[in-house]
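First residue of the sequence shown? That's 55 in my numbering, and the numbers climb one at a time after it.
We put the beta carbon where it would ideally sit given N, CA and C, even for glycine.
Structure first, then comments.
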Amino acid sequence: MAETQIEWTDATWNPVAGCTIVSAGCTNCYAMAMAKRLEAMRVDKYAGLTRSSGSRTIWNGVVKEDRSALGIPHKWRKARKIFVNSMSDLFHEEVSDDFILAVWQVMRETPRHSYQILTKRPDRMASLISTKIPDVLPNVWLGTSVEDAEVVGRIDHLRAVPAAIRFISFEPLIGAVGSIDLHDIHWAIVGGESGKSARPIKEAWIDEIYDQCSDNKTAFFFKQWGTWGKDNKRRSKKANGREYRGQTWDYMPEPIGMSL
Numbered sequence: 055m056a057e058t059q060i061e062w063t064d065a066t067w068n069p070v071a072g073c074t075i076v077s078a079g080c081t082n083c084y085a086m087a088m089a090k091r092l093e094a095m096r097v098d099k100y101a102g103l104t105r106s107s108g109s110r111t112i113w114n115g116v117v118k119e120d121r122s123a124l125g126i127p128h129k130w131r132k133a134r135k136i137f138v139n140s141m142s143d144l145f146h147e148e149v150s151d152d153f154i155l156a157v158w159q160v161m162r163e164t165p166r167h168s169y170q171i172l173t174k175r176p177d178r179m180a181s182l183i184s185t186k187i188p189d190v191l192p193n194v195w196l197g198t199s200v201e202d203a204e205v206v207g208r209i210d211h212l213r214a215v216p217a218a219i220r221f222i223s224f225e226p227l228i229g230a231v232g233s234i235d236l237h238d239i240h241w242a243i244v245g246g247e248s249g250k251s252a253r254p255i256k257e258a259w260i261d262e263i264y265d266q267c268s269d270n271k272t273a274f275f276f277k278q279w280g281t282w283g284k285d286n287k288r289r290s291k292k293a294n295g296r297e298y299r300g301q302t303w304d305y306m307p308e309p310i311g312m313s314l
């Protein structure tokens, strides 16, 4: 995969395929259905990654490292923002340290690109980077997903990671996150869930994140209402749009250099 419709990036790069459900935010993950579709299209990389659970398709825990994909960013001559592993989690426990280091080497060799790595396993990310990656790459953004108050502890693990830019994806936002510490968090993405099984988002949940971003000078990006609009009515993602407080919010983090 390369070009993408994800609003906050330019391209996706998937050196890993397959994952495991770890929290409530994973329940309706688009990548599970996409992997099944790609398997049906006979894309070998995505074969055998999912199973049926009632009417749903879910990950079966098989994770594949794709070394043939490591050279892809070298071929992209024009600078891009690249979302790393939109179809998996680079810090999944089944991804070897050696493979993660190989991904890091590619990012080191291609400083023209900005890499956005998002994980639901920031504890492993913090441990591995602190012990095995000696340099902080200015073109690598490190983030974690926080869908509700149950997983806000991930933010502390993220803050422990030496990084040029740290970010949080509050998507799908399925509950209030409450009072959170955004110190040294440079960017926040907020979005509701899409699809036929989407869970509603409430404007009050967005408000509390927006206010805390303003207090901490954290760049705020509102990605979508998703299937449920601010009036609590169910519509298509396109019909609900991206406006919040009467405007679109596409703020990105400034290139601020290393933050320890």
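Neighbour-count burial assignment, A89, 16 or more Cβ in a 10 Å radius: buried
Cα-Cα separation between G295 and I263, rounded to whole angstroms: Counting only the Cα atoms, I263 lies some 19 angstroms from G295.
S248 and T281 closer than 8 angstroms at C-beta: Judged by beta-carbon spacing, T281 lies within the 8 angstroms limit of S248, meaning their Cβ atoms are closer than that value.
Secondary structure of L227, DSSP reduced to three states: coil
Between the CA atoms of T74 and W113 - distance to the nearest angstrom: T74 has its alpha-carbon roughly 6 angstroms from the corresponding atom of W113.
Same chain, Cβ closer than 6 angstroms to M312, neighbours up to 5 away in sequence not counted: Residue placement at M312 cannot be trusted, given a pLDDT of 42 that sits under 50; the coordinates are not used to answer.
Pair within 8 angstroms by beta-carbon distance, V160 and P127: yes
DSSP three-state assignment for G79, whether helix, strand or coil: Helix.
Contact the region 122-141 vs the region 165-178: 3+ CB pairs below 8 angstroms: Counting C-beta pairs closer than 8 angstroms gives three or more between the region 122-141 and the region 165-178, which meets the contact rule.
Straight-line Cα distance separating R220 from Q59: 22 angstroms
Where K99 falls: helix, strand or coil (DSSP): helix
Three-pair Cβ contact test at 8 angstroms for the region 205-217 versus the region 234-254: yes
Q301 - containing alpha helix (DSSP H), residue span: Careful: Q301 lies outside any alpha helix (DSSP H) and carries neither H nor E.
contact_flag[the region 103-110, the region 180-196] where n(CB pairs < 8 angstroms) is 3 or more: no
Spatially closest choice to S150 from P226, F275, M179, R131, by CA coordinates: Ranking the options by Cα distance to S150, first place goes to M179.
Start and end residues, beta strand (DSSP E) containing S233: Here S233 belongs to no beta strand (DSSP E), and DSSP marks it neither H nor E.
Alpha helix (DSSP H) segment containing T185, residue limits: Under the DSSP assignment, T185 falls in the alpha helix (DSSP H) whose first and last residues are 176-186.
S248 - DSSP class collapsed to helix/strand/coil: The three-state secondary structure of S248, taken from DSSP, is coil.
For S150, three-class secondary structure by DSSP: Coil, per DSSP.
Three-state class that DSSP yields for A65 in the structure shown: strand
Range covered by the alpha helix (DSSP H) that runs through L191: Unbroken run through L191: none, as it is neither H nor E.
Selected residue, minimal CA-CA separation from I228, among A156, R175, A78, F153: Nearest of A156, R175, A78, F153 to I228, Cα basis: A78.
Cutoff 7 angstroms; reference R134; Cβ partners in own chain excluding five residues on either side: D64, A65, H167
Near the ligand HEM: W303 beta-carbon under 7 angstroms from a heavy atom: The ligand HEM is not part of the structure shown, which contains no ligands of any sort.
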